[in-house]
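Using numbering that gives the first Met the number 0, you'd call the opening residue of the sequence shown number 0 and step up by one each time. See below for the structure under consideration.
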Amino acid sequence: MKVTTVTVDFWWTLFHDASPGVDRHKLRRLVDFEAILRAAGEPVSREILDRAYEESGSYLARIWSTHRDVPVGEHVRAVLVAIDPDLSGRLDASVTARLVDAYARPALIDPPSVDPGALAALEALCARGLTLAVVSNAMRTPGVVLRALLERHGLLGCFKHTTFSDEVGVRKPDPAIFAHALETVGADREHAVHVGDDAILDVQGARAAGMRVVQVIGERGGPSASPAPDAVIRRLAELPDAIARLDAD
Numbered sequence: 000m001k002v003t004t005v006t007v008d009f010w011w012t013l014f015h016d017a018s019p020g021v022d023r024h025k026l027r028r029l030v031d032f033e034a035i036l037r038a039a040g041e042p043v044s045r046e047i048l049d050r051a052y053e054e055s056g057s058y059l060a061r062i063w064s065t066h067r068d069v070p071v072g073e074h075v076r077a078v079l080v081a082i083d084p085d086l087s088g089r090l091d092a093s094v095t096a097r098l099v100d101a102y103a104r105p106a107l108i109d110p111p112s113v114d115p116g117a118l119a120a121l122e123a124l125c126a127r128g129l130t131l132a133v134v135s136n137a138m139r140t141p142g143v144v145l146r147a148l149l150e151r152h153g154l155l156g157c158f159k160h161t162t163f164s165d166e167v168g169v170r171k172p173d174p175a176i177f178a179h180a181l182e183t184v185g186a187d188r189e190h191a192v193h194v195g196d197d198a199i200l201d202v203q204g205a206r207a208a209g210m211r212v213v214q215v216i217g218e219r220g221g222p223s224a225s226p227a228p229d230a231v232i233r234r235l236a237e238l239p240d241a242i243a244r245l246d247a248d
């Protein structure tokens, strides 16, 4: 069936984190929070900040486990509540805004690495007249920052739309996030292909949304066993050929 639309995951597809499974931006966030709160007349020890940050992680994990998401401001509120339930109400809006910025921006300072073949692959798909969109979960780094990283590497202009879970409130593998992206760009699921690395979030999620799937497996073993993706590639440089093969089927 003819392919008209390709949706692409962000993490471990377009971009790769040098330290998988490690919150490498935690220390920067804690240092900045400590300085901002002290300047606002609300000094908090590093030990308390560390505990509050971990408690906010537990809060987020409970939400994420239901395939739902919240804006980055809720991440910051969760940290503040864990420090002192009344702290948020004592802070000026300008202080809260600085905390949100400090929480969100570390990935711009210490960014993930982009797949070296990403730009050429996306440009090749655009040249064929395909509509491209991002469909990705955010973690502690919000969609607004992920979008800025796409722009920094010249990738953002390739996409008609970018859908991030913290902005729409739904996370993969819930098919609703795929449906939202397809509806936004005016695409039919039968003619859409999703590209991502995760066997559950990307392969199962996109399949549940009625899409075909290209799984990016990197240098690890093989594709997910069930359900099997429609195509497997190791890196994005292989994507144009994989889409061409699906288009010919």
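Quick reminder that beta carbons are idealized off the backbone N, C-alpha and C, glycines included.
- The beta-carbon distance between V80 and L245, rounded to whole angstroms, is 47 Å. This is too long to meet the 8 Å contact definition.
- Taking 8 Å as the upper bound for CB-CB distance, L154 and L129 are not in contact here, some 15 Å apart.
- Selection D197, A175, V113, D196 evaluated against A207 yields A175 as nearest (Cα-Cα).
- Bounds of any alpha helix (DSSP H) do not take in V7; it lies within the beta strand (DSSP E) bounded by 4-7.
- Within the region 113-155, the complete alpha helix (DSSP H) segments at least 4 residues long are 117-126, 142-151, listed from N- to C-terminus.
- In the three-state reduction of the DSSP assignment, H15 falls in the strand class.
- The DSSP-derived three-state label of V21 is coil.
- In the DSSP assignment, Q214 forms a beta bridge with G195, V231.
- With a contact defined as Cβ atoms closer than 8 Å, L26 and A120 miss out at about 34 Å.
- A106 places its beta carbon 8 Å or farther from that of H160.
- Your pair V194 and T4 does not check out as a contact, with CB atoms roughly 11 Å apart and the cut at 8 Å.
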